[in-house]
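Visitor: Pasting a structure below so you can have a look.
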Amino acid sequence: MRGRFNAVVEELLAQPWVMDTDVTIKPLYGQQEGAEYGYNPKKPGRPSHAFHTYWMAGLRLCLDVEVRPGNEDGVNYGLDGMFDWLDAQPRARWPQFVRGDCGYGQEGVMARCEKSSLGYLFKLRRTKNARALLLHLESATQSVLKPIGQGWEAAEAELQLDGWTRRRRVIALRRRMETAPGPRAQRRGDKRRALPLWKNCGVQATVELLEFEYQLLVTNLHHEPMTLALLYRERGDAENPFDELKNQWGWGGFTSRKLRVCQTSARMIVLVSNWWSLYARLIEPQQHHEAVRSRPRLLGGVARQSQHAGQRRLAVRLLHGDAPELRPRIVRAMSFLRDLLATAQQLEPLERWRRIMCHVFAEQMKTAGPAPPPVPAAAAG
Numbered sequence: 052m053r054g055r056f057n058a059v060v061e062e063l064l065a066q067p068w069v070m071d072t073d074v075t076i077k078p079l080y081g082q083q084e085g086a087e088y089g090y091n092p093k094k095p096g097r098p099s100h101a102f103h104t105y106w107m108a109g110l111r112l113c114l115d116v117e118v119r120p121g122n123e124d125g126v127n128y129g130l131d132g133m134f135d136w137l138d139a140q141p142r143a144r145w146p147q148f149v150r151g152d153c154g155y156g157q158e159g160v161m162a163r164c165e166k167s168s169l170g171y172l173f174k175l176r177r178t179k180n181a182r183a184l185l186l187h188l189e190s191a192t193q194s195v196l197k198p199i200g201q202g203w204e205a206a207e208a209e210l211q212l213d214g215w216t217r218r219r220r221v222i223a224l225r226r227r228m229e230t231a232p233g234p235r236a237q238r239r240g241d242k243r244r245a246l247p248l249w250k251n252c253g254v255q256a257t258v259e260l261l262e263f264e265y266q267l268l269v270t271n272l273h274h275e276p277m278t279l280a281l282l283y284r285e286r287g288d289a290e291n292p293f294d295e296l297k298n299q300w301g302w303g304g305f306t307s308r309k310l311r312v313c314q315t316s317a318r319m320i321v322l323v324s325n326w327w328s329l330y331a332r333l334i335e336p337q338q339h340h341e342a343v344r345s346r347p348r349l350l351g352g353v354a355r356q357s358q359h360a361g362q363r364r365l366a367v368r369l370l371h372g373d374a375p376e377l378r379p380r381i382v383r384a385m386s387f388l389r390d391l392l393a394t395a396q397q398l399e400p401l402e403r404w405r406r407i408m409c410h411v412f413a414e415q416m417k418t419a420g421p422a423p424p425p426v427p428a429a430a431a432g
């Protein structure tokens with residue numbers, strides 16, 4: 052099964068890419084192996100399994116998933132699986148950097164990335180020392196927070212938290228809540244208050260109370276703060292595949308008493324999801340299409356098989372309302388596959404698969420990503 056996973060992304064790994072890693076929780080309702088009590092935000096107090104996943108960012112292609120007991124939801128439990136996957140790949144196919152939320156901004160994860168000369172971009176929790184850094188940046192005589200666009204201000208510094216073995220580069224981001232889009236800013240209302248200037252004098256002045264939202268990023272990359280802020284903001288798409296796999300593909304539905312069977316089932320579901328994503332991109336290559344939308348469009352049809360003169364023909368009539376729009380796209384995909392079979396009969400199936408991948412991701416393979424961190428001399432030797 053790992054070979055099938057690698058075949059999906061083998062050609063893409065030769066291009067600059069980013070790895071997103073995250074953990075999701077699956078509540079359990081029986082006596083399954085590994086049904087332990089742990090972090091469970093949707094069903095507190097319910098035993099669960101923890102799914103540690105690794106993704107190719109931007110394409111929603113899952114590289115692998117590891118099912119662990121519910122009390123092993125910490126990110127450190129998924130590190131061995133992630134680095135086992137990386138070590139099985141040539142160094143030239145490693146990601147430019149790995150990206151994760153605040154659960155990954157800890158010494159064990161960063162030290163292991165640094166030991167392997169792997170770039171990382173993680174979010175930091177606002178601990179006591181992290182808040183002290185924000186206060187120091189805001190109280191500086193000359194503001195070190197520089198605007199970087201869309202209402203955000205950024206500054207960089209070095210920080211060594213308790214438990215860290217070294218100082219690391221930290222990017223502090225700040226944005227006024229009133230400039231943040233969405234209903235959350237509208238609910239805050241007017242933040243102007245009339246405050247007395249002197250006690251018992253009756254003189255008042257209107258003062259605007261500023262409220263900000265903050266983000267702290269820790270990284271070993273050498274890009275400027277604006278670039279790092281944009282790179283981390285793109286991580287927001289990494290949460291969407293969890294909803295798709297749980298609600299549209301069956302991650303939330305299968306059960307088994309054995310943990311190993313759960314592991315195999317989770318990987319099979321992800322593999323089928325990857326295959327369907329490739330097929331949907333072959334028909335509509337512009338972007339990823341979720342199964343809840345693409346399956347009715349591409350599977351809602353009736354097929355009729357006829358046989359004449361030793362030849363079989365399969366006629367498919369789409370019943371979806373978008374059939375006039377989909378017809379020319381499906382015809383183009385059929386023509387490509389037919390030409391591939393006719394002109395590449397001497398190729399092995401794996402080589403044909405590579406040709407299909409190059410065709411599906413032709414645009415993505417033209418793009419370049421950020422440069423990885425330099426490899427230390429000791430590691431290079």
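Start counting the sequence shown at 52; every next residue gets the next number (our numbering).
For glycine and all other residues, C-beta sits at the position ideal for the given N, C-alpha and C.
#1: Within the same chain, show all residues whose beta-carbon is closer than 6 Å to that of ASN57, passing over the 5 residues directly before and after it, in chain order.
#2: Considering only C-alpha positions, which residue in the set LEU329, PRO347, SER316, GLY109 is nearest to ARG284?
#3: Just how far apart, CA to CA, sit ALA431 and GLN211?
#4: Could you compute how far the alpha carbon of GLN82 sits from the alpha carbon of TYR155?
#5: Buried or exposed: where does TRP326 fall if 16 or more other Cβ atoms within 10 Å of its Cβ makes it buried?
#6: Pick helix, strand or coil for GLY151, following the three-state DSSP scheme.
#7: Would you decide whether PRO347 is buried or exposed? Buried here means 16 or more other CB atoms lie within 10 Å of its CB.
#8: Going by CA-CA distance only, name the one from ILE407, PRO375, PRO67 that's closest to ARG389.
#9: Opposite HIS100 in the DSSP bridges: which residues?
#10: Taking the alpha carbon of TYR128 as the point to measure from, which residue in ASP73, VAL195, ARG176, ARG405 has its own alpha carbon closest?
#11: Measure how close the beta-carbons of TRP215 and GLU158 come, nearest whole angstrom, since I'm counting them as under 8 Å.
#12: Helix, strand or coil: which one does DSSP assign to GLN211?
#13: Is the CB-CB distance between LEU196 and ARG225 below 7 Å?
#14: Where does MET52 sit, in a helix, a strand or coil, going by DSSP?
#15: What does the Cβ neighbour count give for SER99, buried or exposed, with the cut at 16 atoms within 10 Å?
#16: Taking all protein chains shown into account, decide if LEU248 is buried (16 or more other Cβ within 10 angstroms of its Cβ) or exposed.
#17: In angstroms, rounded to a whole number, what distance separates the CA positions of ARG217 and GLN397?
#18: Going straight from the alpha carbon of GLY54 to that of ALA317, what length do you get?
#19: Within this structure, are the beta carbons of PRO120 and ARG97 separated by less than 7 Å?
#20: Give the DSSP bridge partners of TRP106, in chain order.
#21: I need the DSSP call for GLN157, collapsed to helix, strand or coil.
#22: Mind checking if VAL367 is an interface residue toward chain B, Cβ cutoff 7 Å exclusive?
#23: Below 7 Å CB to CB, which residues in the same chain sit around GLY351 once its five sequence neighbours on both sides are set aside?
#24: Can you give me the start and stop residues for the beta strand (DSSP E) that LEU282 sits inside?
#25: Could you tell me the boundaries of the beta strand (DSSP E) in which VAL353 lies?
#26: Taking all protein chains shown into account, decide if HIS359 is buried (16 or more other Cβ within 10 angstroms of its Cβ) or exposed.
#27: Could you give the residue range of the beta strand (DSSP E) that holds GLY200?
#28: Could you pull the DSSP bridge partners for TYR171 from this structure?
#29: Classify GLU275 as buried or exposed, calling it buried when 16 or more other Cβ atoms lie within 10 Å of its own Cβ.
#30: Assign TYR171 to buried or exposed, taking buried as 16 or more other Cβ atoms, counted over all protein chains shown, within 10 Å of its Cβ.
#31: Quick check on the burial criterion: 16 or more other C-beta atoms within 10 angstroms. Buried or exposed for TYR105?
#32: Answer yes or no: do ARG355 and ALA342 have a C-beta to C-beta separation smaller than 7 Å?
#33: Leaving out five residues before and five after TYR90 in sequence, what residues of the same chain have Cβ atoms less than 6 Å from its Cβ?
#34: Assuming ALA366 is part of the beta strand (DSSP E), what are its boundary residues?
#35: So, with DSSP's three-state summary, where would you put TRP404?
#36: How far does the alpha helix (DSSP H) with GLN314 in it reach, from first residue to last?
Guide: Reading from the atomic positions:
#1: Against the sequence shown, residue 57 aligns to sequence position 6. There are no such residues.
#2: Position 233 of the sequence shown, counted from the start, is the residue given in the question as residue 284. With distances taken between Cα atoms, ARG284 lies closest to GLY109.
#3: Counting from 1 along the sequence shown, the entry for residue 431 is found at position 380. Counting from 1 along the sequence shown, the entry for residue 211 is found at position 160. A caution first: ALA431 carries a pLDDT of 47, below 50, which makes its placement in the model too unreliable to give a value.
#4: Numbered from its first residue, the sequence shown carries residue 82 at position 31. Numbered from its first residue, the sequence shown carries residue 155 at position 104. So the two alpha carbons sit approximately 30 Å from each other.
#5: Numbered from its first residue, the sequence shown carries residue 326 at position 275. Answer is exposed; the Cβ neighbour count stays below 16.
#6: The residue you call residue 151 lines up with position 100 of the sequence shown. Residue state, collapsed to three classes: strand.
#7: Here residue 347 corresponds to residue number 296 of the sequence shown, with the count starting at 1. Counting Cβ neighbours within 10 Å, PRO347 comes out exposed, since fewer than 16 surround it.
#8: On the sequence shown, residue 389 is found 338 positions in, with the first residue counted as 1. When only C-alpha atoms are compared, the closest one is ILE407.
#9: On the sequence shown, position 49 is the one that residue 100 refers to. LYS77, PRO120.
#10: Looking up residue 128 in the sequence shown gives position 77. For TYR128, the nearest C-alpha among the options comes from ASP73.
#11: In the sequence shown, counting from the first residue as 1, residue 215 sits at position 164. In the sequence shown, counting from the first residue as 1, residue 158 sits at position 107. Going by Cβ atoms, the distance from TRP215 to GLU158 rounds to 5 Å, so yes, they are a contact pair.
#12: The sequence position of residue 211 within the sequence shown is 160, counting from 1. If DSSP states are grouped into helix, strand and coil, GLN211 belongs with coil.
#13: Within the sequence shown, numbered from 1, the residue matching residue 196 stands at position 145. Within the sequence shown, numbered from 1, the residue matching residue 225 stands at position 174. Going by C-beta atoms, LEU196 is nearer than 7 Å to ARG225.
#14: Against the sequence shown, residue 52 aligns to sequence position 1. Coil at MET52, not helix or strand.
#15: In the sequence shown, residue 99 corresponds to position 48, counting from 1. The residue in question, SER99, is buried, as its Cβ has 16 or more Cβ neighbours within 10 Å.
#16: For the purposes of this step, residue 248 is taken as residue 197 along the sequence shown, with counting starting at 1. A caution first: LEU248 carries a pLDDT of 48, below 50, which makes its placement in the model unreliable, though a value can still be read off. Looking at its Cβ environment, which holds fewer than 16 other Cβ atoms inside 10 Å, LEU248 is exposed.
#17: As a first step, residue 217 must be located in the sequence shown, where it is residue number 166. As a first step, residue 397 must be located in the sequence shown, where it is residue number 346. Taking the straight line joining both Cα atoms gives about 56 Å.
#18: Taking the sequence shown and counting its residues from 1, one reaches residue 54 at position 3. Taking the sequence shown and counting its residues from 1, one reaches residue 317 at position 266. Distance between the alpha carbons of GLY54 and ALA317: 16 Å.
#19: In the sequence shown, residue 120 corresponds to position 69, counting from 1. In the sequence shown, residue 97 corresponds to position 46, counting from 1. No. Outside cutoff.
#20: Here residue 106 corresponds to residue number 55 of the sequence shown, with the count starting at 1. TRP106 pairs with ASP71, CYS113.
#21: Walking along the sequence shown from the start, residue 157 turns up at place 106. In the structure shown, GLN157 sits in coil (DSSP, three-state: anything other than H, G, I, E or B).
#22: Looking for chain B here will not work: only one protein chain is present.
#23: Numbered from its first residue, the sequence shown carries residue 351 at position 300. Excluding positions up to five away in sequence, the list reads LEU369, LEU370, HIS371.
#24: Working through the sequence shown from its first residue, we reach residue 282 at position 231. LEU282 -> not in any beta strand (DSSP E); alpha helix (DSSP H) instead, spanning 276-284.
#25: In the sequence shown, the residue the question calls residue 353 occupies position 302. Boundaries of the beta strand (DSSP E) harbouring VAL353: 352-359, taken from the DSSP string.
#26: Start at 1 with the first residue of the sequence shown, and residue 359 comes out as number 308. Burial call: exposed.
#27: Numbered from its first residue, the sequence shown carries residue 200 at position 149. Here the beta strand (DSSP E) through GLY200 covers 197-200.
#28: The sequence position of residue 171 within the sequence shown is 120, counting from 1. Answer is VAL149, bridged to TYR171.
#29: Counting from one through the sequence shown, the residue named residue 275 turns up at place 224. The residue is exposed, with fewer than 16 neighbouring Cβ atoms inside 10 Å.
#30: Here residue 171 corresponds to residue number 120 of the sequence shown, with the count starting at 1. Buried, since its Cβ has 16 or more Cβ neighbours within 10 Å.
#31: Here residue 105 refers to the residue found at position 54 when the sequence shown is read from its first residue. The residue in question, TYR105, is buried, as its Cβ has 16 or more Cβ neighbours within 10 Å.
#32: In the sequence shown, the residue the question calls residue 355 occupies position 304. In the sequence shown, the residue the question calls residue 342 occupies position 291. Result no, Cβ atoms of ARG355 and ALA342 do not sit closer than 7 Å.
#33: Reading the sequence shown from its first residue, position 39 is the one you call residue 90. The answer, listed in chain order, is ASP124.
#34: On the sequence shown, residue 366 is found 315 positions in, with the first residue counted as 1. Looking at the DSSP string, the run of the beta strand (DSSP E) that includes ALA366 is 362-369.
#35: Walking along the sequence shown from the start, residue 404 turns up at place 353. In this structure, TRP404 counts as helix in the three-state DSSP scheme.
#36: The count along the sequence shown starts at 1 and reaches residue 314 at position 263. Start and end: 310-334.
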